[in-house]
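Have a look at the structure below, then the notes.
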Amino acid sequence: MNASFDIAAATYDQTFTHTVIGRLQRDLVYRQMTEMLQNSSIRSILEINCGTGEDALWLSEQGYQVTATDISEQMILTARQKDTVGTITFRQADINTLPATFPNQTFDALFSDFGGLNCLSESELEAFFENANRLLNPNGRLFLVIMPKNTLWEQLYFLLKGQWKAAFRRKREKAIVNIDGEAVATYYYNPAAIKRMAQRHFAVTHIQPVGFFIPPSYLEPFVKNKKRLTAVLGSLENTIRNVRFLSRYSDHYFIALQKR
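Throughout the sequence shown, residue numbering follows UniProt numbering, covering 1 to 260 in sequence.
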């Protein structure tokens with residue numbers, strides 16, 4: 001898998017981070033993270049699947065002690081180049097072996113943005129929650145952004161194109177997604193599945209849609225340079241940000257959990 005994301009590292013910011021859709025969806029995540037983090041005792045944050053480091057930089061700028069990890073060497077190299085101040089600790093690490101990477105270190109919170117956990121099968125995701133319990137301090141928090149099974153934008157888009165199989169690919173146990181020419185196994189989870197897999201060690205405290213009105217990033221050509229349209233979509237998104245049940249129908253959803 002690391003080779004797939006090594007290839008993607010060179011273009012990820014161009015194809016998502018700096019796009020109109022990427023900025024709109026990330027702003028939703030940051031708004032919720034700000035609300036969750038303010039007035040909390042959280043100081044140290046472990047980021048999983050940090051990609052090119054955009055979120056790690058933002059968290060560091062907010063004053064948190066950030067350790068950012070990714071399985072891809074090229075993603076880590078790109079992220080480290082952005083950290084001109086040198087305040088972030090970057091580590092190349094496999095999400096499946098994090099306790100071995102940090103045998104004597106714990107954190108106040110773990111954060112994974114924009115579908116990093118969708119690279120894990122159900123058994124791997126169950127193991128992730130076991131590992132997260134070991135890596136977190138008492139009352140530690142998980143902040144996760146995950147892709148659900150029932151994204152309405154995706155279903156409508158592919159149905160209109162007559163691509164029936166693609167329209168419902170997220171409903172399959174495993175879908176193969178093209179990442180810059182590399183086939184990557186991807187698994188989709190609705191909030192109820194995350195709650196079930198995590199419940200031994202974590203309680204869900206918040207769920208919200210991210211990208212119910214704002215479309216998936218592959219629809220960027222349809223919204224680029226349409227400022228009025230994107231403003232309307234962003235405004236509509238803000239009106240439903242706390243409508244929890246829409247999370248299963250959005251492009252992503254934000255879910256917060258607290259260690260029991």
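For every residue, glycine included, the Cβ atom is placed at its ideal position computed from N, Cα and C.
request  = Below 6 Å CB to CB, which residues in the same chain sit around residue 59 once its five sequence neighbours on both sides are set aside?
outcome  = The residue you call residue 59 lines up with position 59 of the sequence shown. If we look at residue 59 and ignore the five residues flanking it on each side, its Cβ neighbours are 45 and 66.
task = Determine, using beta-carbon pairs with one atom in the region 172 to 184 and one in the region 128 to 135, whether at least three such pairs fall under 8 Å.
result = no
task = In the DSSP assignment, find the beta strand (DSSP E) that holds residue 112 and state where it starts and stops.
result = For the purposes of this step, residue 112 is identified with residue 112 of the sequence shown, where counting begins at 1. Start and end: 107 to 112.
task = Figure out for me which residue from 190, 214, 127 and 227 has the closest Cα to the Cα of residue 255.
result = Position 255 of the sequence shown, counted from the first residue, corresponds to residue 255. With distances taken between Cα atoms, residue 255 lies closest to 190.
ask   = Around the Cβ of residue 210, are there at least 16 other Cβ atoms within 10 angstroms (buried) or fewer (exposed)?
value = Counted from its first residue, the sequence shown places residue 210 at position 210. The residue is buried, with at least 16 neighbouring Cβ atoms inside 10 Å.
ask   = For residue 47, which option in 112, 85 and 103 has the closest C-alpha, if you only look at C-alpha atoms?
value = As a working mapping, residue 47 is identified with position 47 in the sequence shown. Restricting attention to 112, 85 and 103, the CA atom closest to the CA of residue 47 is found in 112.
query = Are residue 32 and residue 214 closer than 7 Å when you measure CB to CB?
reply = Residue mapping note: residue 32 aligns to position 32 of the sequence shown, counting from 1. Residue mapping note: residue 214 aligns to position 214 of the sequence shown, counting from 1. Taking 7 Å as the Cβ cut-off, residue 32 and residue 214 do not qualify as a contacting pair.
key: Under the three-state DSSP convention, the category residue 202 falls into   = In the sequence shown, counting from the first residue as 1, residue 202 sits at position 202. Correct three-state label for residue 202: strand.
message = Looking at residue 83: is its Cβ nearer than 7 Å to the Cβ of residue 49?
response = As a first step, residue 83 must be located in the sequence shown, where it is residue number 83. As a first step, residue 49 must be located in the sequence shown, where it is residue number 49. Cβ distance not < 7 Å, so residue 83 and residue 49 don't count as in contact.
inquiry  = What residue range does the alpha helix (DSSP H) around residue 133 cover?
reply    = By one-based count along the sequence shown, residue 133 stands at place 133. From DSSP, the alpha helix (DSSP H) with residue 133 extends over 122 to 135.
task = Just list the alpha helix (DSSP H) runs in the region 180 to 236, keeping only unbroken ones of 4 residues or longer that don't cross its boundaries, in chain order.
result = Restricting attention to alpha helix (DSSP H) runs no shorter than 4 residues, the region 180 to 236 encloses them at 191 to 198 and 220 to 223, ordered along the chain.
request  = Rounded to whole angstroms, what's the CA-CA distance from residue 224 to residue 212? Just pull it up for me.
outcome  = In the sequence shown, counting from the first residue as 1, residue 224 sits at position 224. In the sequence shown, counting from the first residue as 1, residue 212 sits at position 212. Spanning the two alpha carbons is a distance of roughly 18 Å.
key: Buried versus exposed call for residue 104 [16 or more other C-beta atoms within 10 Å across all chains shown]   = Working through the sequence shown from its first residue, we reach residue 104 at position 104. It is exposed - the Cβ of residue 104 has fewer than 16 other Cβ atoms within 10 Å.
task = Could you name the residues of the same chain whose beta carbon sits closer than 7 Å to that of residue 98, not counting the 5 residues immediately before and after it, in chain order?
result = In the sequence shown, counting from the first residue as 1, residue 98 sits at position 98. Within the same chain, residue 98 has close Cβ partners 131 and 135.
Three or more C-beta pairs below 8 Å linking the region 144 to 156 and the region 227 to 240 = no
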